[in-house]
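So the structure is just underneath, and the comments pick up after that.
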Amino acid sequence: MPNQNTVEYYRTREANERAVAARAGNFMVAQLHLELAEQYSKVASGEETVPSLLSCREPEFIIPRDGRLSPS
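Taking the working numbering, the leading residue of the sequence shown gets 837, the next gets one more, and so forth.
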């Protein structure tokens, strides 16, 4: 289980994503924000970890550790 500060951080992120989804004028945008909220909830509860969620991503959508994006 993550420590309390980490749990609070991810719960805050979850709430923010749900608020953005509620304000979204586009269904697809709202769905993306709700998906993020669910992922934050899973991390906060210890059900998932950030690395495990990132490992499911397509490689071209992952930002490298050095933060540099290669030109398209």
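Backbone N, C-alpha and C fix where the C-beta goes; we use that ideal spot for every residue, glycine too.
No experiment lies behind these values; they were computed from the predicted model shown.
Distance CB(residue i)-CB(residue j) smaller than 9 Å
i: Glu-850; j: Ser-888; result: no
i: Val-886; j: His-869; result: no
i: Glu-781; j: Ala-873; result: Only positions 837 to 908 of the chain appear in this structure, which leaves residue 781 out of reach.
Backbone secondary structure at residue i - three-state DSSP
i: Glu-884; result: coil
i: Asn-862; result: coil
Residue i versus residue j - alpha carbon distance
i: Val-879; j: Thr-848; result: 12 Å
i: Tyr-846; j: Arg-859; result: 20 Å
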